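Working notes, beginning with the structure itself.
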Amino acid sequence: MERVLEPELMEDLEQVFAYAKADFEQPHKKFVQRIKTLVKDPSFSGKALDLGCGPGDISRRFAKVFPLCKIDAIDGSKPMIDYGINTTNPDLQTRLNFIHGKLPEAKLPEQNYDVIFSNSLLHHLPDPQILWHVVKKHSTSGTRIAIMDLLRPGRNYMAESLVEMYATNEPEILKRDFYHSLLAAFTIEEIKKQLKQAELSLTVEQIGDRHVFISGIADQH
Ligand SMILES: C[S@@+](CC[C@H](N)C(=O)[O-])C[C@H]1O[C@@H](n2cnc3c(N)ncnc32)[C@H](O)[C@@H]1O
Numbered sequence: 114m115e116r117v118l119e120p121e122l123m124e125d126l127e128q129v130f131a132y133a134k135a136d137f138e139q140p141h142k143k144f145v146q147r148i149k150t151l152v153k154d155p156s157f158s159g160k161a162l163d164l165g166c167g168p169g170d171i172s173r174r175f176a177k178v179f180p181l182c183k184i185d186a187i188d189g190s191k192p193m194i195d196y197g198i199n200t201t202n203p204d205l206q207t208r209l210n211f212i213h214g215k216l217p218e219a220k221l222p223e224q225n226y227d228v229i230f231s232n233s234l235l236h237h238l239p240d241p242q243i244l245w246h247v248v249k250k251h252s253t254s255g256t257r258i259a260i261m262d263l264l265r266p267g268r269n270y271m272a273e274s275l276v277e278m279y280a281t282n283e284p285e286i287l288k289r290d291f292y293h294s295l296l297a298a299f300t301i302e303e304i305k306k307q308l309k310q311a312e313l314s315l316t317v318e319q320i321g322d323r324h325v326f327i328s329g330i331a332d333q334h
C-alpha cells in the first residue's frame, strides 16, 4: 500500500482537544519505559529534547521519571503548545520548556542534547529526512536517541481494524486522524533506508502490532 500524506501540523482545535484527551496510557507509558532503559541513569540531570511534542503528555511523563533533567519540547502547532502550557503545573514548567516552532527551521535553545525523543512526528512529515536531520544536528557523541512511530499496514482494511481495535470508544475525529496516520506512516524497510541516507546508525524494531521503535546512542559526527 502506497503512503498517503496527511496534513503536517495538527492545528484544528477540535482535533487538538480530541488528541490531548485520548487514552494513550499504554503506548506512552511503554515508550517512556524504553527511554528509561536507554538512559539507564535514574539520576540523569542533563538536557532532553522532545520533537513534535503535541500536548506534552510524553514530556511530562519523562520529566517525572527524571526529576533532575531539563526538557525543551517543540511543536509547530500553536494550539498544541498552548494546550501543553495550560495543562502543565507551573513548577514543572521551570524545567519543561514548551516551544512553538516548525522543524527544521525553528531554532532550538541548545546546540546539543543528551537525550532526543519523539513520538508520532515522523509520519506527519512530508519529507522524513527533516526528523533525521534535526536529530543529527542536535546530537553529539553519547546522545540517547529514541523515536517511536506508527507502522503503515499492508492493506486499508488492516488500518480500519487497528482503528476499531484501539480507538473504538474515541470521538470520530480521532478515529479519522488515526486512520490517516496509519496510511501516512512508513514501513520498517523505508525507515531503514531513511537512516542509511541520513548516515545514522540506529536500531529499528517493530514493537507490538502497530509501532516501530528506533533507538541508539549517537557517535561523534
Ligand atoms: C501525532 S502528534 C504527536 C504528539 C506527541 N508527540 C505525542 O506523542 O502525544 C504529531 C505532532 O507533530 C507536530 N508536527 C508535525 N510536523 C511538525 C514540524 N515540521 N515541526 C514541529 N512539529 C510538527 C504536529 O503539530 C503534532 O502536534
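117 is the number that the working numbering gives to position 4 of the sequence shown; each next residue is one higher, with no gaps.
For each residue, glycine too, the CB sits at the ideal point set by N, CA and C.
Computed from a predicted structure; not experimentally measured.
Using only the heavy atoms of ligand 3, determine whether one of them is closer than 7 Å to the beta carbon of K142.
-> Because ligand 3 does not appear in the structure shown, any question about it cannot be addressed here, the ligands present being ligand 1.
C-alpha distance - P192 paired with H237, whole-angstrom precision | Residue mapping note: residue 192 aligns to position 79 of the sequence shown, counting from 1. Residue mapping note: residue 237 aligns to position 124 of the sequence shown, counting from 1. Their backbone Cα atoms lie some 16 Å apart in a straight line.
Taking one C-beta from the stretch 239 to 250 and one from the stretch 268 to 288 each time, how about it: are there three or more such pairs within less than 8 Å?
-> no
Is C182 near ligand 1, with its Cβ less than 7 Å from a heavy atom?
-> Against the sequence shown, residue 182 aligns to sequence position 69. Because no heavy atom of ligand 1 lies under 7 Å away, the Cβ of C182 does not count as near it: no.
Taking buried to mean at least 16 other C-beta atoms within 10 Å of its own C-beta, is T256 buried or exposed?
-> Residue mapping note: residue 256 aligns to position 143 of the sequence shown, counting from 1. The residue is buried, with at least 16 neighbouring Cβ atoms inside 10 Å.
Which residues share a DSSP beta bridge with L308?
-> Position 195 of the sequence shown, counted from the first residue, corresponds to residue 308. Partner(s): none; L308 has no beta bridge.
How about A131 and L287: do their beta carbons lie closer than 8 Å?
-> On the sequence shown, position 18 is the one that residue 131 refers to. On the sequence shown, position 174 is the one that residue 287 refers to. Yes, these two residues count as a Cβ contact at 8 Å.
Looking at V145 and V178, is the spacing between their C-beta atoms short of 8 Å?
-> By one-based count along the sequence shown, residue 178 stands at place 65. By one-based count along the sequence shown, residue 145 stands at place 32. Yes, Cβ-Cβ distance for V178 and V145 is below 8 Å.
Run of the beta strand (DSSP E) containing E318, from where it starts to where it stops | Position 205 of the sequence shown, counted from the start, is the residue given in the question as residue 318. Per DSSP, E318 belongs to the beta strand (DSSP E) from T316 to I320.
7 Å CB neighbourhood of A259 in its chain, flanking five on each side removed | Sequence index remark: in the sequence shown, residue 259 carries index 146 (1-based). Within the same chain, A259 has close Cβ partners R147, I148, L151, F230 and S328.
Under 8 Å between the Cβ atoms of F157 and M261?
-> As a position in the sequence shown, residue 157 is number 44, starting the count at 1. As a position in the sequence shown, residue 261 is number 148, starting the count at 1. No; because the gap between Cβ atoms is not below 8 Å, this pair is not in contact.
Contact check, I187 vs L216, beta carbons under 8 Å | Translated into the one-based positions of the sequence shown, residue 187 becomes position 74. Translated into the one-based positions of the sequence shown, residue 216 becomes position 103. Result yes, Cβ atoms of I187 and L216 sit closer than 8 Å.
Following the continuous alpha helix (DSSP H) through N199, name the residue where it begins and the one where it ends.
-> One-based indexing of the sequence shown puts residue 199 at position 86. Taken as a continuous stretch (DSSP letters only), the alpha helix (DSSP H) holding N199 covers K191 to N199.
Does the beta-carbon of N232 have 16 or more other beta-carbons within 10 angstroms, so that it is buried, or is it exposed?
-> The sequence position of residue 232 within the sequence shown is 119, counting from 1. Per the 10 Å Cβ criterion, buried.
With respect to 7 Å, is the separation between the Cβ of N232 and the closest non-hydrogen atom of ligand 1 below this value?
-> Counting from 1 along the sequence shown, the entry for residue 232 is found at position 119. Correct: N232 has its Cβ closer than 7 Å to ligand 1.
Consider the C-beta atom of R220 and the heavy atoms of ligand 1; say whether any pair is separated by less than 7 Å.
-> As a first step, residue 220 is located in the sequence shown; it is residue number 107 there, counting from the start. According to the sequence as given, residue 220 is Lys; it is not Arg. No, the beta carbon of K220 sits no closer than 7 Å to any heavy atom of ligand 1.
Along the beta strand (DSSP E) that carries L162, what are the first and last residues, could you check?
-> Here residue 162 is taken as the residue at index 49 of the sequence shown, counted from 1. Run containing L162: K160 to L164, per the beta strand (DSSP E) assignment.
When we look at the beta-carbon of R268 and count the other beta-carbons within 10 Å, is it buried (16 or more) or exposed?
-> Reading the sequence shown from its first residue, position 155 is the one you call residue 268. With fewer than 16 Cβ atoms within 10 Å of its Cβ, R268 is classed as exposed.
Output yes or no for whether 8 Å exceeds the beta carbon distance between T207 and A331.
-> The residue given as residue 207 occupies position 94 in the sequence shown. The residue given as residue 331 occupies position 218 in the sequence shown. Taking 8 Å as the Cβ cut-off, T207 and A331 do not qualify as a contacting pair.
Would you report the Cα separation of K305 and K160, rounded to the nearest angstrom?
-> Numbered from 1 along the sequence shown, position 192 holds the residue referred to as residue 305. Numbered from 1 along the sequence shown, position 47 holds the residue referred to as residue 160. Going by the C-alpha atoms only, they are around 27 Å apart.
Roughly how many angstroms separate the alpha carbons of G167 and A135, rounded to a whole number?
-> Here residue 167 refers to the residue found at position 54 of the sequence shown. Here residue 135 refers to the residue found at position 22 of the sequence shown. If I take the Cα positions, the gap works out to 12 Å.
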